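Colleague:
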Amino acid sequence: MRYLPLTKDDRAAMLNRIGADSVDALFRDVPHSAVVQRSVFDLPDTQGELAVERALSKMAAKSKAAGSLPFFCGAGAYKHHVPSAVDHLIQRSEFLTSYTPYQPEIAQGTLQYLFEFQTQVALLTGMEVANASLYDGSTATAEGVLMAQRITKRPKAILSGGLHPHYAETVETVAGLSGVVKRAPVTPGKAEDIIALIDDQTACVVVQSPDVFGLIRNLKPIADAAHAKGALLIAVVTEIVSLGLIEPPGAQGADIVAAEGQSLGVGLNFGGPYVGLFATREKFLRNMPGRLAGETTDAAGKRGYVLTLSTREQHIRREKATSNICTNSGLCCLAFTIHLSLLGEEGFLRLARANHARASALADRLADIKGVDLVTPSFFNEFTLKLPKTSASVVDELAEKGIVAGVPASRLLPHDKDVRDLLIVAATETNTDEDCDALVHALSGAVA
Amino acid sequence: MRYLPLTKDDRAAMLNRIGADSVDALFRDVPHSAVVQRSVFDLPDTQGELAVERALSKMAAKSKAAGSLPFFCGAGAYKHHVPSAVDHLIQRSEFLTSYTPYQPEIAQGTLQYLFEFQTQVALLTGMEVANASLYDGSTATAEGVLMAQRITKRPKAILSGGLHPHYAETVETVAGLSGVVKRAPVTPGKAEDIIALIDDQTACVVVQSPDVFGLIRNLKPIADAAHAKGALLIAVVTEIVSLGLIEPPGAQGADIVAAEGQSLGVGLNFGGPYVGLFATREKFLRNMPGRLAGETTDAAGKRGYVLTLSTREQHIRREKATSNICTNSGLCCLAFTIHLSLLGEEGFLRLARANHARASALADRLADIKGVDLVTPSFFNEFTLKLPKTSASVVDELAEKGIVAGVPASRLLPHDKDVRDLLIVAATETNTDEDCDALVHALSGAVA
Amino acid sequence: MTMNNQGRPTSSGSVNENEMPTISGDRGLQHDVSLIFELGRPGMTGVDIPEVQMSDARLGGLRRKAPVGLPGLSEPEVIRHFVRLSQLNYSIDAGLYPLGSCTMKHNPRLNEKVARLPGFADVHPLQPQQTVQGAYEAISALMKWLTTLTGMPAVAMSPKAGAHGELCGLLTIRAAIEARGEKRNRILVPSSAHGTNPATAAVAGFIVDEVPATEDGHVDADALEAKLGPDVAAIMLTNPNTCGLFEPRIKEMADAVHAAGAYFYCDGANFNAIAGRVRPGDLGVDAMHINLHKTFSTPHGGGGPGAGPVVLSERLAAYAPLPLLVHDGNEFRMIEHTDEATDGAKPFGRMCAFHGQMGMFSRALTYMMSHGADGIRQASEDAVLSANYILASLKDVMSAPFGEGPCMHEALFDDSFLEGTGVTTLDFAKAMIDEGYHPMTMYFPLVVHGAMLIEPTESESKESLDRFIHVLRTMALEAKAGQTARFEGAPRLAPRRRLDETAAARKPILRWKPKDLPQAAE
Amino acid sequence: MTMNNQGRPTSSGSVNENEMPTISGDRGLQHDVSLIFELGRPGMTGVDIPEVQMSDARLGGLRRKAPVGLPGLSEPEVIRHFVRLSQLNYSIDAGLYPLGSCTMKHNPRLNEKVARLPGFADVHPLQPQQTVQGAYEAISALMKWLTTLTGMPAVAMSPKAGAHGELCGLLTIRAAIEARGEKRNRILVPSSAHGTNPATAAVAGFIVDEVPATEDGHVDADALEAKLGPDVAAIMLTNPNTCGLFEPRIKEMADAVHAAGAYFYCDGANFNAIAGRVRPGDLGVDAMHINLHKTFSTPHGGGGPGAGPVVLSERLAAYAPLPLLVHDGNEFRMIEHTDEATDGAKPFGRMCAFHGQMGMFSRALTYMMSHGADGIRQASEDAVLSANYILASLKDVMSAPFGEGPCMHEALFDDSFLEGTGVTTLDFAKAMIDEGYHPMTMYFPLVVHGAMLIEPTESESKESLDRFIHVLRTMALEAKAGQTARFEGAPRLAPRRRLDETAAARKPILRWKPKDLPQAAE
Ligand SMILES: Cc1ncc(COP(=O)(O)O)c(C=O)c1O
Ligand SMILES: Cc1ncc(COP(=O)(O)O)c(C=O)c1O
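Here's what the structure looks like:
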């Protein structure tokens, strides 16, 4: 087997030094009844690269890649162009095949990019500090709620109706254990509805903007209301590129920001791996989950970086840790950091403007279709349409025609009759005029 | 423009230090009449990655990739599976973006792999020394002839009829200038025909094995005849993998071996870049063209490598150099060396056997087709068939059906009526049973 | 080899004052790297994006007012920055990486290539299901490998790493207990457990009850059985355990646990020692996460991402979280909502958005198909063989608390051999860096003093192991002989000398801040 | 900065004896690397190929008897070997690479990606022409860029590098002369020419006649015109020339050459200084090769591969070698034989098998489309600006023979500023290595003493140039001030100290040889 360097002779010589007469002897402690033969596994034997690559390429070809057709899905994951330099750099052996930087003297590469990543996240969100990533936006949101419960010593979390339903379910699953999770109605989903739910048992309010329908929400009034009652505001962002055009949560009074960083550097990946961005205020630092890279100096006085404040973490604190997370999204942080470094201030703002312009133009054209209404007055690169029929059937119909029209709201909220006809459409810099023409044409046909 | 780091301000500051008031001033020496404006160029402006990649992907999609259909072309370039590790490693910045190793202290990576490459080439060909590559097999053959003319101080080069016609034309183009190039008849192309042409003006005999039709030739009698007349034997190999199964030229009396290394690591690349392998005997070393990496030690006594014997080369010797070559096939040598290192003795011999077995089985099945004859009694992974009609038309007909059946001999020898019906078919480890079935089926239909 | 005592620095902290300073601060191929924020200039960008016209009309009056504060660099500068950073890192590709419990094995490049196939990498989790059948097929193929190798009937694919898998497992157990109408709030965790075990139990709302270890590095089965009771929800055992030993009384413990109405959660981080040879299902395991980034070699990537699918026993299968991948005879379907769940599934909830780490799934599947069941078995055997080879080759000069062996895939040493030498476990480990090696795992597990846990994996040749053994033996002998110069203030030959972690924690600097700009936010 | 004189080695050759030796021989991240032949073991392989049955029946009795002698390694070992080797190299990606005449500019990654598209990379040169139209389209698009930028009507695409292009150009000229029924056997080559120029002329069967340079680094136009005669076939000028200067009398020389019935071959290696701004065709050039691996940034790859297409004037176009790409209205066709040649083409022959460096063509085309004509023009201007900035910033401390400037894309210095310091051009260059820089081109061109030719290219930021300037200024001032320690025996901080090239040439060791086995071959 090409990956295994030991030969028969090597194995014999090694057993000899060990003083065992067979490998079986090394498994002495395993109950005999529990040792099985190769034959019990209904699985194939070793295969060469050529065969494996052939089989898997054939399998992959059974999926329609987003880049291969007019594509408008968003709702928590966005198709963006990732510069070729990103994938080249993250595949450098020294980044790809290194472990968590527990030995800082030979891991400055990883530690410095994590420090740069933390800085970028803090800048984007307008917060004071950010960690070295969590799994993804949904788990980051859940960690945020747990953190708020710890800080306020209150049980209740209020989730806005516009919070991505998968995020809401993720929060309910973990934060519901020792606390209470309340979801505000999806529609109408006004700020008042959320504010009305805040009471003195409320640990936090979780608001997503742009929300799952693409609507841009003003966080300030909710933040003020929450703060007035001693609760924290957790702002959720699923499309990080939106912060190139919209006021950052930090400037709107958020105490914790949980975001999905997939849009930068990472790609669609059918849902994972993604990268959870997590930022907060300095005063909450010691309640923060996840790893932190910090600046220090070495014995020679040179600036360097280390993992720090690990007294918050499971490997030191065990059951008292601020989170159980260990492995996080390391390499995705790198991809994120490289992509954002390539964009820079100018490129990032341009990218945001290009996305909004593309989506606005498309929204106008689609809203012109008879029977189709735009239900999100404000949005970034994603908006929601009300169709004259169930959106799921329309999406299937267009898929047949080789167009991926977007996400039917019913895919996320199957029980909410009010959303049955809603279609969530995202448009980014990757959508061409031809893509948009195709969608407009096909949708007109489908609803005619 | 994303690749240009200077800003307007930078340029102004730099001009200021220079003391020039504009960039134009720096082009002072250029005749004004010769300076043109942007507008005279009927060419597009800067484009982003997304646009460029889209346009070129569309263009590339207009070619049928060898890997996408049953494919049997050889005749000097062969489709082999290149392990994924090869392409990953040759893209390492330190290999990809470094120059010729003129500063050995910071180029040991390049110098050592060249030394390893030279050793591998010497071992494969059974020769004493090999250089650090030439452009490709055809130019290596021409360089071999020039070298033989230098060594023997004789004008005439005799080319066997089985030498790849492109190689023969390349030799004629350069070696014909100051010498004489004689091509033996393509058919029947017996050793005797070649031997008959050797005289006391003959500098060298050039024989390819397996030849362009796939036939394996016994070089020994030709070598003996050449040596008897004071001429050198130049052996040409276009499919280096064949040396895993066939006696190396060095063991058959060759004085110079010129070969194409494309089969290992490099890929098809539509004809280039490829890698020219060049090996000879120690005594001819100082007449050898091309760069040589040699072992030495550094000031601390550590083993290291340098470019050596450069007194043969153009940058030292100028018009008296053994060749005008400067840039060679560096990175292709690396790909070759990595692929061969991965294969190792065992893998390389297995690969050769797999190729021969695949080709033999296919040859049997094709020769069974009524009206189709196998005209190459011996071969490695490539053989020639005589069809009942012109092979070019058959190849076009099968191409329509999505099968690339091989190379019609007439594509290489349009004036040779005797080869009009000959089809050169190559089969490698990359051909599946389905590929072979498809070819057998389609060819049967085409000649029925 | 004798020590060059001019190599001894004046103080363990000081630099080798004999080094020649350079003008640039760089040293040959070692470049020092500024922060990206200290580079660049306004207006510059490494990505050309056409400028467009747009209005603010649809921004709800919330257009960003302040700049973000990102630097502007061209592509060449960005590439140079990150290439230089990479050159400050150690990696498996460059050397032996014997981190115990972390399983730093070879990461095949084919896996990277396959993971990038558009049909796996460029698909959206909410695309119409009929357009992602290829991706579903890959996930289902991986599920078959995982369930077959573990001998368990079901697997939950969404957990994003081992710790997330632990949480998934415990929540499944909690759901099963609640379904039985019971309340059990205690989880038994051995003292040798990895930190994520107790941490996860706490997150899942359980009380952690620690089970001691025996002299010989095993879980104290008697103590464990004594602790079993009606309030015990589960035990969380690591097997092979974190001392690198297989728990001989595992089945007995499993039976006792089941008899007490509790469940057996197994931390599968060390599955790589037994994969293809032992099926956890046969040991009575109810739930076990599998770190695809360990056993099945998806790259660690400097800390992640990973994937932690959880295999489940018959008892627990029904409570697996959403989403659930099913095949309805002619095509795959992802069940994303409880009421769509078929044949009695009662999902406890959702671990995360979408359906797991596809990018890791494709790599792990490629790894498994390449190895085959025979190769996976061989890999486990070679990993165990190599660890025992190291144990046997070092135990006479280093102290191995459980040295009589055999061990499984990792060899545990403690610091008693350093007693009185003035050399600490940390010094010893840092000196390995100068020798071109990444240190082993230190100070874990907590059950032995000054632990050094060495996991060679199956990816090292015998020559490589012999060289490693020679270096460690020589170091150990030097330390004992009082030749401690190479340990004092090591490392000396790395990009950095020892870093001051205390200072870093005392006054945390966690981000770059613009000199001029005020603190971000409100 | 003051020197640490403990840094001064006892002898320029000796190692810094203060360095601490390691047991392993490795030093931190710097691993020493054995030859691949010193690794591995019989029977091992890094590629799994199923064993097959085969007979010798069809091998013509020539089956290989002896083993090849290759070592057997697993994939992880091979990857580690080459990754470690790479870590001994300097690269553009990691630092400034100011090699004059070599044009070490940024190599965009997009070019690598595009070059690997199956439609370009996985096509065979002899596939049916109707199946490779996409590849032909790319070549034809590149031809349009090259002819448009140079203002020349035709281009021969097959030459595989600059020197091969030179040969192609001279053979075209030879064919044109023969077609005129003339015999001309002399080629005029300036003394400042790159070695390939005279070497190529010789290969093409011409006599080389050297033209001197003037005081100010230009070709002596008067001397050149004096040498013109009925036996002169062509002149080979490099413009901008190898001193980094544009030839002001270029047109006058071209006219004289044409008047004498000869042709003007231009070495286009320095086209990157004027691309997008000056068209060689307007200067009277008849033939010029373009190093795609310089001007259009296909990676140098440690020495190759490159590509050297040759643009041709109306006078020469008809004689371009085979193959010829044509478009017959509805599709592309590659003409591979003389008698298929259309509209009066009389190809002189063939430069090589197949039709050139497709892998380089796709990269160069990507580069051009990315830059656009405006970007290419800007790149040329930035390259020239940066070179002049360096010249202006260093000429007061280093000696610039043609320092009054302006220069084109490279700045030339000589060693007169080192006179009496005991520091040679070589010492100076090697000391740059310790500072983290690749040295400039040394001892070329030959027309100045101890030449140092610095080409920064357009890819460096001002910060990077300023840093480089600071280091060189400091070095120059130290040398003059007699602070020569850092120059003696430099480099000290690289993977190797200075290597003994004399010994290497005196007793060449050009390959590894098995200790046991006898010499290969007869
Ligand atoms: C024994 C053990 N359990 C659990 C974990 C946690 O796994 P992960 O880092 O994937 O969350 C680890 C990883 O270090 C481990 O070694
Ligand atoms: C001025 C000049 N001419 C010609 C050449 C030869 O080009 P190549 O190396 O591509 O053969 C070079 C390359 O170094 C050069 O600098």
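Here the protein sequences come in this chain order: A, B, C and D. The first sequence begins at 896 in the numbering used here and counts up one residue at a time. The second sequence begins at 896 in the numbering used here and counts up one residue at a time. The third sequence begins at 20 in the numbering used here and counts up one residue at a time. The fourth sequence begins at 20 in the numbering used here and counts up one residue at a time. Glycine included, each C-beta is placed from N, C-alpha and C at the ideal position. Values in this document were obtained by computation on a predicted structure and should not be read as measured data.
Assuming lysine 959 (chain B) contacts threonine 1323 (chain B) under a Cβ cut-off of 8 Å, what Cβ separation, rounded to an integer in Å, is found between them?
Modeller: In fact, because the Cβ distance is near 18 Å, the residues do not count as touching under 8 Å.
Colleague: For the beta strand (DSSP E) containing valine 1100 (chain B), name the first residue and the last one.
Modeller: 1097-1103
Colleague: So, for asparagine 23 (chain C): in the same chain, excluding its five sequence neighbours on each side, which residues have a beta-carbon less than 6 Å away from its beta-carbon?
Modeller: With a pLDDT of 31 at asparagine 23 (chain C), under the threshold of 50, the modelled position of this residue cannot be trusted, and the question is left open.
Colleague: Check cysteine 1227 (chain B) in the structure and name its three-state DSSP category.
Modeller: helix
Colleague: Taking C-beta pairs closer than 7 Å, name the residues in chain B that serine 93 (chain C) reaches, listed in chain order.
Modeller: Arg897, Tyr898, Leu899, Pro900
Colleague: Considering Cα atoms alone, identify which of A:Gly1056, A:Tyr1030, A:Leu1204, A:Leu1114 is closest to glutamate 1190 (chain A).
Modeller: Of A:Gly1056, A:Tyr1030, A:Leu1204, A:Leu1114, the smallest CA-CA separation from glutamate 1190 (chain A) is found for A:Leu1204.
Colleague: Name the one or two DSSP bridge partners that proline 1303 (chain B) has.
Modeller: B:Leu1318
Colleague: Across the stretch 961-978 of chain A and the stretch 84-100 of chain D, are there enough close Cβ pairs to call them in contact, namely three or more that are closer than 8 Å?
Modeller: Contact between the stretch 961-978 of chain A and the stretch 84-100 of chain D is absent, with fewer than three C-beta pairs closer than 8 Å.
Colleague: Look at the Cβ atom of isoleucine 1141 (chain A), then the Cβ atom of alanine 1120 (chain A), and state whether they are nearer than 9 Å.
Modeller: No; because the gap between Cβ atoms is not below 9 Å, this pair is not in contact.
Colleague: Between A:Ala1321, A:Ile1319, A:Ser952, A:Gln942, which has its C-alpha nearest glycine 7 (chain C)'s C-alpha?
Modeller: This structure gives no information on residue 7 (chain C), because the portion of chain C shown stretches from 20 to 541.
Colleague: What does a CB cutoff of less than 6 Å around alanine 326 (chain C) pick up in its chain, not counting 5 residues either side in sequence?
Modeller: Leu311, Gln376, Met379
Colleague: Is methionine 63 (chain D) close to chain A, meaning its C-beta is less than 9 Å from at least one C-beta of that chain?
Modeller: yes
Colleague: Considering valine 1152 (chain B), what are the terminal residues of the beta strand (DSSP E) in which it resides?
Modeller: 1151-1155
Colleague: Report whether the distance from the Cβ of glycine 181 (chain C) to the nearest heavy atom of ligand 1 is below 8 Å.
Modeller: yes
Colleague: If you reduce the DSSP assignment to three classes, tell me which class alanine 339 (chain C) lands in.
Modeller: coil
Colleague: Going residue by residue through the stretch 1221-1302 of chain A, where are the continuous alpha helix (DSSP H) segments of at least 4 residues, counting only ones entirely within it?
Modeller: 1225-1262, 1286-1295
Colleague: Name, in chain order, the residues that DSSP records as bridge partners for histidine 308 (chain C).
Modeller: C:Asp286, C:Val329
Colleague: Would you say cysteine 1227 (chain A) lies against chain C (beta-carbon separation less than 9 Å)?
Modeller: So yes, cysteine 1227 (chain A) belongs to the interface.
Colleague: Please say whether proline 328 (chain D) and threonine 494 (chain D) have beta carbons closer to each other than 9 Å?
Modeller: Checking the displayed sequence, the identity of residue 494 (chain D) turns out to be methionine instead of threonine. Their beta carbons are not under 9 Å apart, which means methionine 494 (chain D) does not touch proline 328 (chain D) by this criterion.
Colleague: According to DSSP, simplified to helix, strand and coil, what is serine 412 (chain D)?
Modeller: In the three-state DSSP reduction, serine 412 (chain D) falls in the helix class (H, G or I).
Colleague: Counting beta carbon pairs with one atom in the stretch 1251-1267 of chain A and one in the stretch 1077-1091 of chain A, are three or more of them shorter than 8 Å?
Modeller: no
Colleague: In angstroms, rounded to a whole number, what distance separates the CA positions of aspartate 904 (chain B) and proline 342 (chain C)?
Modeller: 55 Å
Colleague: Quick one: is the Cβ of glutamate 185 (chain D) within less than 8 Å of any heavy atom of ligand 2?
Modeller: yes
Colleague: Tell me, please, whether the CB atom of threonine 1191 (chain A) is closer than 9 Å to any CB atom in chain C?
Modeller: yes
Colleague: What do you get for glutamate 1208 (chain A), buried or exposed, if any count of 16 or more other CB atoms within 10 angstroms of its CB means buried?
Modeller: Glutamate 1208 (chain A) is buried by the Cβ-count criterion.
Colleague: Counting along the chain, where does the beta strand (DSSP E) carrying lysine 132 (chain D) start and finish?
Modeller: Looking at the DSSP string, lysine 132 (chain D) is not in any beta strand (DSSP E); the run it does join, the alpha helix (DSSP H), is 128-134.
Colleague: For leucine 899 (chain A) and alanine 398 (chain C), what's the separation of their Cα atoms in angstroms?
Modeller: For the pair leucine 899 (chain A) and alanine 398 (chain C), the Cα-to-Cα distance works out to about 7 Å.
Colleague: Please report the distance separating the alpha-carbon of glutamate 944 (chain B) from that of valine 981 (chain A).
Modeller: One C-alpha to the other measures close to 12 Å.
Colleague: If you measure from the CB of asparagine 310 (chain C), is any heavy atom of ligand 4 nearer than 8 Å?
Modeller: By its list of ligands, the structure shown excludes ligand 4, since it contains just ligand 1 and ligand 2.
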